[in-house]
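Residue numbers (full-length UniProt numbering): 269 to 517.
Each residue gets a CB set at the ideal place from its N, CA and C atoms; glycine is no exception.
Keep in mind the model is a prediction, meaning the values are calculated, not measured.
To start, the structure itself, in structure tokens.
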Ligand code: G
Ligand code: G
Ligand code: NA
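So this is what it looks like as structure tokens:
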């Protein structure tokens with residue numbers, strides 16, 4: 269397809285754009301981390317969302333190429349903006365990045381000299397169904413001092429056994445559970461149960477897709493650690509991020 273060909277010719281730091289969405293720490297009441305979300309510029313100069321091209325990147329077997337480009341660009345941009353070392357940043361990885369050693373290699377290459385703790389490795393729960401080989405790889409990543417978060421939690425296949433075996437640091441509760449949490453008692457109980465499980469396993473909990481203050485108040489009462497969503501900020505270029513962080517300190 270056209271998309272496939274364009275991607276083959278063009279996953280590079282010129283075509284890949286990094287946007288950054290702040291995460292609000294409810295304990296310290298500060299924005300101390302961001303999630304890096306990529307967009308890709310096609311040959312017509314249009315910004316394309318990951319939903320549209322990620323599947324093709326996987327088919328093209330360009331996953332580690334994409335991850336490396338995003339990770340490298342994020343480090344470069346954060347350094348240029350004077351933000352490197354001041355905030356932690358989450359990168360979305362493919363399961364293959366974990367199992368084939370790409371994640372560990374990139375952390376060692378891009379974050380030498382004890383900077384590995386700045387990165388949070390995000391892995392979607394959807395992909396954890398076939399993960400036995402990944403358990404070992406995640407341990408290696410945590411030995412590097414980086415954190416690992418399970419993304420879109422609640423929509424995939426990870427069971428309690430998985431969670432116990434995986435030794436991750438955080439769960440990101442999928443936005444579908446957060447939607448309407450302030451108006452739906454069942455949903456807020458469900459999220460409360462996820463938070464209880466996470467606490468039992470010593471995991472931090474991040475809520476995604478928080479859009480209204482009523483949702484945030486509800487999540488605060490349930491004891492969540494981090495809130496991310498349009499209520500706080502949309503994903504933005506690094507220049508806007510710098511401005512945002514300057515205004516919220
Ligand atoms: O920002 P947006 O809502 O368009 O992101 C859609 C999805 O694409 C999100 O679930 C996000 O996890 C994923 N995504 C965004 N950036 C990256 C990236 O750099 N690598 C990978 N593998 N997935 C990404
Ligand atoms: O699954 P993941 O966390 O990687 O998805 C992040 C995606 O969710 C990004 O594409 C981002 O644009 C989108 N997003 C972030 N905050 C909100 C929000 O408050 N509401 C909605 N609907 N989408 C959001
Ligand atoms: Na993510």
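Please classify residue i: does DSSP put it in a helix, a strand, or coil?
| i | result |
| --- | --- |
| residue 498 | coil |
| residue 513 | helix |
| residue 449 | coil |
| residue 324 | helix |
| residue 298 | strand |
| residue 357 | strand |
| residue 480 | coil |
| residue 485 | helix |
| residue 363 | helix |
| residue 318 | helix |
| residue 293 | strand |
| residue 307 | strand |
| residue 287 | strand |
Does the beta-carbon of residue i have 16 or more other beta-carbons within 10 angstroms, so that it is buried, or is it exposed?
| i | result |
| --- | --- |
| residue 382 | exposed |
| residue 335 | buried |
| residue 400 | exposed |
| residue 419 | buried |
| residue 432 | exposed |
| residue 505 | exposed |
| residue 481 | exposed |
| residue 393 | buried |
| residue 428 | exposed |
| residue 516 | exposed |
| residue 498 | exposed |
| residue 380 | exposed |
| residue 280 | exposed |
| residue 385 | exposed |
| residue 470 | exposed |
| residue 347 | exposed |
| residue 404 | exposed |
In terms of DSSP beta bridges, what is residue i paired with?
| i | result |
| --- | --- |
| residue 472 | 438 |
| residue 421 | 441 |
| residue 415 | 388 |
| residue 336 | Answer is none; residue 336 lacks a bridge partner. |
| residue 352 | 355 |
| residue 270 | None; residue 270 has no bridge partner. |
| residue 408 | Answer is none; residue 408 lacks a bridge partner. |
Is it the case that the CB of residue i approaches a heavy atom of ligand 4 more closely than 7 Å?
| i | result |
| --- | --- |
| residue 305 | Ligand 4 is not part of the structure shown, which contains ligand 1, ligand 2 and ligand 3 as its ligands. |
Would residue i pass as a contact of residue j if the rule is Cβ separation under 8 Å?
| i | j | result |
| --- | --- | --- |
| residue 371 | residue 390 | no |
| residue 275 | residue 339 | no |
| residue 365 | residue 332 | yes |
| residue 356 | residue 442 | no |
| residue 444 | residue 410 | no |
| residue 500 | residue 472 | no |
| residue 343 | residue 378 | yes |
| residue 424 | residue 446 | no |
| residue 304 | residue 375 | no |
Query raised in the report: Which residues have their C-beta within less than 5 Å of a heavy atom of ligand 3, listed in chain order?
Result: Residues with a Cβ closer than 5 Å to any heavy atom of ligand 3, in chain order: 360, 390, 419.
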